[in-house]
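If you count the sequence shown from 1, position 1 lands on 0 in numbering that gives the first Met the number 0, and the numbers rise without skipping. Just so it is clear, CB atoms sit at the ideal spot from N, CA and C, and this is done for glycine as well. Since the structure is predicted, the reported quantities are computational estimates derived from the model, not experimental observations. Presented below is the structure to which this report refers.
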Amino acid sequence: MFLVGAADTADAAGTAGVNGPVAAAPQPTEALKSPQGLTAAGGYQCPRHLRALPTKSSLAPEESAVGSPAVTVRSLATMSSHASNPVMYAQQLDAPAPIEQAPLRWRQAPTPQPGPGQLLIKVAACGVCRSNLHMIEGDWVGNGVPALSPIVPGHEVTGYVAELGTGVEGFRLGDRVGVQPLWSTCEECEFCTTGREQLCHERRITGEHVDGGYGELMVATARHTYHLPDTLDIVEAAPLFCPGITAFGAVDKLDLGPGDRVAVFGPGGVGHMAVQFAVLTGAEVTVVGRSPEHLAVARELGATHTVEATDPQALAQVEDTADAVLLFAPAEAVTAQALRTLKWGGTLVSAVPLTLRGYPFDRAQTLRTSLLGNRAQMENVLSLAAQGKVRTVVERFAMSQAPRALELLKAGQLRSRAVLEAAG
C-alpha cells in the first residue's frame, strides 16, 4: 500500500495531529493495492506555507540583504561563475510585474558553481507552475518571495549532472536527475528527522529562494536531487517533481480502495496526476472542473465520470456522493461545492490553502491539508511512472518561450502542463 502521508492535518473541529515516522518505501507492486491514508489553468498554486523566508545563514558571505530583509540584490561581480564556461542563458526576473509587461529577461548570466554537497545540473526541462506566475507577478512579495534579485524561476526540473561539489556521493557526471520545489532543509529539526522534511521551517524553495530551472544550468543540493529512471522521457518527466509529488502526497492521506468513490476538484496539472494515483487504488473517480479540455484529459487518464463545474444540475447530482474529495483549486466557492459533494463522515484533503466562510460543519466531515511529500514518496512517484502506471501530459515550449507559456497559463489556454525544453 502507499506510504502514509506526513504533512500537517486538522479536522473541521480543530483537532490537529501529525503522522509518525515514514516507513521505508514499499515495492511498487504493493503500491497498487489499497493505499493507507495514499492541477495548471484550473487554479492550482503551490501552498503559501512553502515560502519560508531565507535566513542570514542561507546567504553567501559576499551577498548582502538590502532594502527589504527578504530580498538579496546580486551583481555580476558577486555571482559565482563556472571557470570552463563562465556564462549561460537563463530567464531572469529583476522585479515582479504582470507577465504582460515582460518582466522576464532571456539573457546571459554567470554560470553557477556547486558548493559542498551540491550538484551543477545541465537543465533538460522545467515545468511551468502557477506558483511561478504568482512569484513573477509579485503576489508573494509580502512573504519575501522572490528572495533574490535577479532570480531564475522554476522548481520542477530534470537534467544531467554536469559537475559534482565536494563531498557528493551517489552521483556521477552525466547522471539523469530531477529536482523538486524543496531545495534544502536544515536536516536537524523534528520534521527533518521524522520523514516530514517538507515541513521544515528552514526550508528553501527552488526558484524562489535560490535560482531555479528556467535556464541552461542550475545548482541543486545532492540530498534533494533524485535519480531519474532510464525508462522516462527526460522532458515529460519534469512535472513528476511538482504535480506528481503534490498529488501523491494528497492521495496518500486517503484510505481508498475498490468500491470507494473519490471526487477530484481542479483537474489541472496536479489534478491530472491525482486522478491516476486514485485510479490505481481501484476507487471510482469523479472529476469536477470548468475546462472541457481538462475534463477530457481526465477521462483519458482513467476518470470514471467528469462533471462540468458550470452546470448546476450536474453538480446537484453529485452532492453527497463522495467518500473522499481531493481539492486542487483554491477558490472558496469550489471548496464549498467540494464539501457538498462529500458524504457525511467523509474526508476532504486539500493541497491548496483553504478559506471558507459560512459553511456549517455539522456532517462529521474531516478536513486535512497536504504539503508536497517526503523523499520516500517522491521515489514512489518515480517508480510508478517508470513502470508506466502513471504518466504526465505536457505541452512543450522552448526555454526562451517561458513568457508565452506563462501568458497561456494565466489565460487558461493550456490543455495540460507546460514544460520548457532546453536547447541541446
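query: How is Leu231 classed by DSSP in three states: helix, strand or coil?; result: coil
query: Do Tyr159 and the ligand FMN come close, with the Cβ less than 7 Å from some heavy atom?; result: This structure simply doesn't include the ligand FMN, nor any ligand for that matter.
query: Determine, using beta carbons only, whether Gln364 and Leu338 come nearer to each other than 8 Å.; result: yes
query: Cβ atoms of Val218 and Pro152: under 8 Å apart, would you say?; result: no
query: Would Val418 be called buried (16 or more neighbouring beta carbons within 10 Å of its own) or exposed?; result: buried
query: Return the CA-CA distance between Ser148 and Met398, expressed in angstroms with no decimal places.; result: 20 Å
query: Output needed for Lys435: all residues of its chain with C-beta closer than 7 Å, excluding positions within five of it in sequence on either side, in chain order.; result: A query on residue 435 cannot be resolved here, the shown segment of the chain reaching from 0 to 423 and no further.
query: Where DSSP assigns a beta bridge to Tyr225, which residues make up the other side?; result: Gly177
query: Does the segment 255-266 come within contact of the segment 325-334, defined as at least 3 CB pairs closer than 8 Å?; result: yes
query: Going along the chain, which residues of its own chain have a beta-carbon closer than 6 Å to the beta-carbon of Ala350, five neighbours each way excluded?; result: Thr245, Ala249, Phe327, Ser369
query: If I'm right that Leu279 touches Val380 with Cβ under 8 Å, what's the distance once you round it to whole angstroms?; result: 12 Å between Cβ atoms; not a contact.
query: Helix, strand or coil: which one does DSSP assign to Val127?; result: coil
query: With DSSP run on the structure shown, which of helix, strand or coil describes Glu378?; result: helix
query: If distances are taken between C-alpha atoms only, which option among Pro145, Gly158, Gln197 comes closest to Asp229?; result: Gly158
query: What's the call for Trp343, buried or exposed, on a 16-neighbour Cβ count within 10 Å?; result: exposed
query: Count the other C-beta atoms from every protein chain shown that fall within 10 angstroms of the C-beta of Ala277, then say buried if there are 16 or more, exposed otherwise.; result: buried
query: Is the beta carbon of Ala401 sitting closer than 8 Å to the one on Gln197?; result: no
query: Between the segment 281-291 and the segment 303-313, can you find at least three pairs of beta-carbon atoms closer than 8 Å?; result: yes
query: So if DSSP puts Ala262 in a beta bridge, which residue, or which two residues, is it bridged to?; result: Thr285, Val324
query: Quick one: complete beta strand (DSSP E) runs, 3+ long, within the segment 113-169?; result: 117-126, 156-163
query: Got a sec, what are the start and stop residues for the beta strand (DSSP E) Gln312 sits in?; result: Looking at the DSSP string, Gln312 is not in any beta strand (DSSP E); the run it does join, the alpha helix (DSSP H), is 311-316.
query: Which residues mark the beginning and the end of the beta strand (DSSP E) in which Pro109 is found?; result: 103-109
query: When you compare only the Cα positions, how much space is there between Val389 and Gly116?; result: 31 Å
query: Let's see if you can read the secondary structure: which residues bound the alpha helix (DSSP H) around His293?; result: 291-299
query: Whose CA, out of His271, Lys121, Gly357, Val167, lies closest to the CA of Ala422?; result: Lys121
query: Could you check if Gln100 is buried or exposed, using at least 16 other CB atoms within 10 Å of its CB as the buried criterion?; result: exposed
query: Ignore the nearest five residues each way along the sequence and tell me which others in Gln336's own chain have a CB closer than 8 Å to its CB.; result: Phe264, Val287, Ala308, Leu314
query: Could you give the first and the last residue of the continuous beta strand (DSSP E) run that contains Arg362?; result: Neither: Arg362 is in no beta strand (DSSP E) and is coded neither H nor E.
query: What is the rounded straight-line gap between the Cα of Ser290 and the Cα of Arg129?; result: 16 Å
query: Considering only residues of the same chain and omitting the five flanking positions on each side of Thr354, which have a CB-CB separation below 6 Å?; result: Glu331
query: Provide the residue span of the alpha helix (DSSP H) that contains Ser333, from first to last.; result: Just to set this straight, residue 333 is Val in the shown sequence, not Ser. First-last of the alpha helix (DSSP H) with Val333: 331-340.
query: Among Cys185, Thr220, Trp182, which residue has its Cα nearest to the Cα of Phe170?; result: Thr220
query: How big is the Cα-Cα spacing for Val140 and Met134?; result: 8 Å
query: If I'm right that Pro180 touches Leu371 with Cβ under 8 Å, what's the distance once you round it to whole angstroms?; result: 6 Å
query: What does the Cβ neighbour count give for Leu172, buried or exposed, with the cut at 16 atoms within 10 Å?; result: exposed
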